[in-house]
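Trainee:
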Amino acid sequence: MIPSIDFSSVREAHWWQFAVRFVLGGAVTACTGLVAQHWGPVVGGLFLSFPAIFPASATLIGRHETDKKLKAGIHDSARGRKAAALDAAGAVFGGWGLVCFGLTAWLTLPRYPTAEALALAGVVWVIVSTSLWRLRRHH
Amino acid sequence: MWRFLLGGALVSLFALIGDVVRPRRFAGIFGGAPSVALASLALTAAKTGPLTASLEARSMILSSLGFILYVCIAQRALATGRWSPMLVSVTALGIWGLVAVAAGLILEALSQ
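These protein sequences, in sequence, are chains B and S. Residue numbers for the first sequence follow my numbering, beginning at 2 and rising by one. Residue numbers for the second sequence follow my numbering, beginning at 1147 and rising by one.
(1) A1223/S and V1234/S: beta carbons closer than 8 Å?
(2) Looking at the strands, I want to know which residues DSSP matches up with I6/B.
(3) Roughly how many angstroms lie between the CA atoms of W17/B and G1195/S, to the nearest whole one?
(4) Can you find a C-beta in chain B that's less than 8 Å from the C-beta of Q1221/S?
(5) Would F1172/S and W134/B qualify as a contact pair, given that the criterion is a beta-carbon distance under 8 Å?
(6) Within 8 Å (strictly less), CB to CB, does S132/B reach chain S?
(7) Exposed or buried, which one is W126/B when buried takes at least 16 other CB atoms within 10 Å?
(8) Consult DSSP for A14/B and reduce its assignment to one of helix, strand or coil.
(9) Would you mind stating whether G63/B and A84/B have Cβ atoms separated by less than 8 Å?
(10) Going straight from the alpha carbon of G27/B to that of A20/B, what length do you get?
(11) Looking only at its chain, what residues have a beta carbon closer than 8 Å to the beta carbon of L71/B, apart from the 5 residues adjacent to it on each side?
(12) Using Cβ-Cβ distances below 7 Å, what residues of the segment 1219-1250 of chain S are close to chain B?
(13) Kindly indicate which three-state DSSP category G1195/S falls into: helix, strand or coil?
(14) On the three-state DSSP scale, how would you describe A1179/S?
(15) With DSSP collapsed to three states, give me the class of I1207/S.
(16) Chain B beta carbons: is any one of them nearer than 8 Å to that of I1252/S?
(17) Based on Cα-Cα distance, which residue from L1187/S, L1152/S and A1161/S lies nearest to T105/B?
(18) Please determine if the segment 1156-1174 of chain S and the segment 41-48 of chain B are in contact, where contact requires at least 3 C-beta pairs separated by less than 8 Å.
(19) Quick check on the burial criterion: 16 or more other C-beta atoms within 10 angstroms. Buried or exposed for A1192/S?
(20) Pick from G1154/S, L1197/S, A1203/S and W1229/S: whose alpha carbon is nearest that of F48/B?
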């Protein structure tokens, strides 16, 4: 299956759901900076993998699927849970990519310009995450 | 302020990509996107230097294992349980927190 694009969940989302994500993401990033300032980079770095996206996404997906069922006159929250479980399964691949992102950034930041090191780490994240997804799909 | 804006923008961007791409399992990858890490490492490297940012990235490797455990447990709970996605994804954050604390203690012990 080739990945595709579907805007339906965005069209049906409320503006405040995007605002919550922006504020949460901004707050986590700001807190990471404050923690690093007070307790140093070793402790501050722990927050770089804080799950800032998954909780809001899983909630949004669950609500979207349940609402779709309700519109069809069926009261069933199981479909929403299953869709959120699939989202979580994908996030596992993203998590392994996150480990490799951190490893690449750790090794390359002292040796290369910051932009190049972070771009390389980002590319490694994409390759690892999507490769794991492809592997899982074929098995 | 820059941290807040850049972090918010990157988290929103990756979350939006995750909302629109299909299939669902592929879209889930973006739930583990390095949005906070990209913003934080870029600003730390600019402010205090790449060596400090490198130390932050090293800590991130261990706490990312906590992220994987967190989403694995959330996935199992959502697939087999009857709890809402919001309850599961927020409650299970404690697992990530526990691994992050353990990782912090290990790294602190190693650096002394």
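We put the CB at the ideal spot given by N, CA and C, even for glycine. Every value quoted in this text rests on a predicted model; they were computed, and no experiment measured them.
Mentor: So, from the data block:
(1) Yes. Within cutoff.
(2) Beta-bridge pairing links I6/B to V1167/S.
(3) Roughly 36 Å separates the two Cα atoms.
(4) Chain B places a beta carbon closer than 8 Å to that of Q1221/S, counting this residue as a contact.
(5) With respect to the 8 Å criterion, F1172/S and W134/B are classified as neighbours on the basis of their beta carbons.
(6) For S132/B, the nearest beta carbon of chain S is not closer than 8 Å to its own beta carbon.
(7) Counting Cβ neighbours within 10 Å, W126/B comes out buried, since at least 16 surround it.
(8) The DSSP-derived three-state label of A14/B is coil.
(9) The Cβ atoms of G63/B and A84/B sit closer than 8 Å to each other.
(10) Their backbone Cα atoms lie some 10 Å apart in a straight line.
(11) Non-local beta-carbon contacts of L71/B in its own chain, meaning distances under 8 Å to residues more than five positions away in sequence, are absent.
(12) Listed in sequence order: A1220, Q1221, L1224, A1225, S1230, P1231, M1232, S1235, V1236, L1239, W1242, A1246, A1249 and G1250.
(13) Here G1195/S sits in coil by DSSP.
(14) Here A1179/S sits in coil by DSSP.
(15) In this structure, DSSP gives I1207/S a helical state, which the three-state scheme calls helix.
(16) No - not a single Cβ of chain B is within 8 Å of the one on I1252/S.
(17) With distances taken between Cα atoms, T105/B lies closest to L1187/S.
(18) Contact fails: fewer than three Cβ-Cβ distances are below 8 Å.
(19) The residue in question, A1192/S, is exposed, as its Cβ has fewer than 16 Cβ neighbours within 10 Å.
(20) It is A1203/S whose Cα lies nearest to the Cα of F48/B.
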